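Residue numbers (this note's numbering): 49 to 227.
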């Protein structure tokens with residue numbers, strides 16, 4: 049990122065953020081800094097570093113543009129300081145959306161076909177025995193919250209396939225309510 053106030057360049061890196069995380073602290077901070085006039089150009093190796101989905105990436109680039117900052121994608125050669133760069137960005141966004149929709153449709157078709165064949169989808173249900181339910185009630189009566197019981201991981205229940213699992217807070221709550 050180019051620091052306008054100092055006239056020099058400043059680098060920032062996103063580290064320690066999982067790809068599946070919805071929180072993207074560095075792009076959000078860049079938008080705030082651009083709004084304050086501290087960032088003029090954001091240089092990324094690839095646009096995917098700005099967000100998980102093309103709509104989020106385009107939104108971040110739009111927010112940066114509104115704040116007066118441009119974006120350069122080194123790998124694809126996209127530079128929003130030029131008209132052609134902006135056009136390339138939006139064309140790439142259209143193709144990414146088409147691909148996402150195609151994937152969504154394939155997944156829906158696959159799930160429908162599996163259901164039609166009688167395949168049960170989703171995680172196997174937990175089966176609380178009377179003893180396990182009594183143990184859970186005793187833990188709660190002793191002052192433990194369902195969240196604390198879940199986080200400790202010591203309390204396990206067998207699912208319908210006979211595998212021991214730590215029940216979720218929701219599963220324990222349903223079991224206590226008799227649902």
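Note that the Cβ used here is the ideal one computed from N, Cα and C, for glycine as well.
Being a predicted model, the structure only gives us computed values, none of them experimental.
Of all C-beta pairs linking the region 138-146 to the region 92-103, three or more are shorter than 8 angstroms, placing the two stretches in contact. Taking C-beta separations shorter than 7 angstroms and ignoring five residues to either side along the sequence, the partners of residue 201 in its chain run 214, following chain order. The region 78-97 and the region 106-125 touch, with no fewer than 3 CB-CB distances between them shorter than 8 angstroms.
Nearest neighbour of residue 80 by Cα position, chosen from 116, 94, 218, 219, turns out to be 116.
Taking C-beta atoms as the reference points, residue 223 and residue 176 count as a pair closer than 8 angstroms.
Scanning the region 102-163 for uninterrupted alpha helix (DSSP H) segments of 4 residues or longer gives 102-114, listed from N- to C-terminal end. Buried is the label assigned to residue 75, since at least 16 other Cβ atoms lie within 10 Å of its Cβ. In the same chain as residue 221, and ignoring 5 residues on each side of it, the C-beta atoms closer than 7 angstroms to its own belong to 194, in chain order. For residue 91, the enclosing beta strand (DSSP E) has its first and last residue at 89-92.
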